[in-house]
Amino acid sequence: MPPLTAREVYQQLRDVAQGIRTLKRLNEQAVAGQVLVDIEGWRLMLEVEAHQLRHCLHCLSTDGRALAGWQRYGTDPVSLLSTWELAQIERRLAAPESA
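So the sequence shown is numbered by the UniProt record's numbering: it starts at 1 and just counts up by one.
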């Protein structure tokens with residue numbers, strides 16, 4: 001099974017920004033600056049600094065594939081988000097009960 005691509009993970013984030021999928025926080029920054037979220041079965045570890053989404057640190061899809069290699073090639077799924085999409089994700093992450 002091939003690893004996830006940055007584009008596949010970006011699509012999940014984009015769908016959340018557009019209200020197609022729901023995002024749920026699974027922790028309250030157990031590690032400073034890291035937030036674990038669930039997007040309808042997809043698990044993402046996001047780096048957040050001062051309420052700004054910086055990077056996707058890890059992703060596991062519903063079929064068990066993991067995001068691997070984007071750090072080496074410089075294509076973080078977060079960098080593919082438009083300014084509007086990024087703002088929508090950050091708004092949902094800042095909400096007390098992300099949905």
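Each residue gets a CB set at the ideal place from its N, CA and C atoms; glycine is no exception.
Relative to the alpha-carbon of residue i, which residue among the options has its alpha-carbon at the smallest distance?
i	options	result
residue 88	20, 8 and 2	20
residue 57	41, 50 and 78	78
residue 52	64, 33 and 9	33
Is it buried or exposed, residue i, if we count other Cβ atoms within 10 angstroms and call 16 or more buried?
i	result
residue 14	buried
residue 94	exposed
residue 4	buried
residue 26	exposed
residue 81	buried
Output needed for residue i: all residues of its chain with C-beta closer than 6 Å, excluding positions within five of it in sequence on either side, in chain order.
i	result
residue 17	85, 88 and 89
residue 60	43 and 66
How long is the line joining the alpha carbons of residue i and residue j, rounded to whole angstroms?
i	j	result
residue 1	residue 10	19 Å
residue 8	residue 38	15 Å
residue 83	residue 92	14 Å
residue 12	residue 47	16 Å
residue 36	residue 45	4 Å
Using a Cβ-Cβ cut-off of 8 Å (strictly less than) and excluding sequence neighbours within five positions of residue i, which residues of its own chain qualify?
i	result
residue 49	33
Spatial neighbours of residue i within its chain, please: C-beta separation below 7 Å, excluding the five flanking residues on both sides.
i	result
residue 62	41 and 42
residue 75	6
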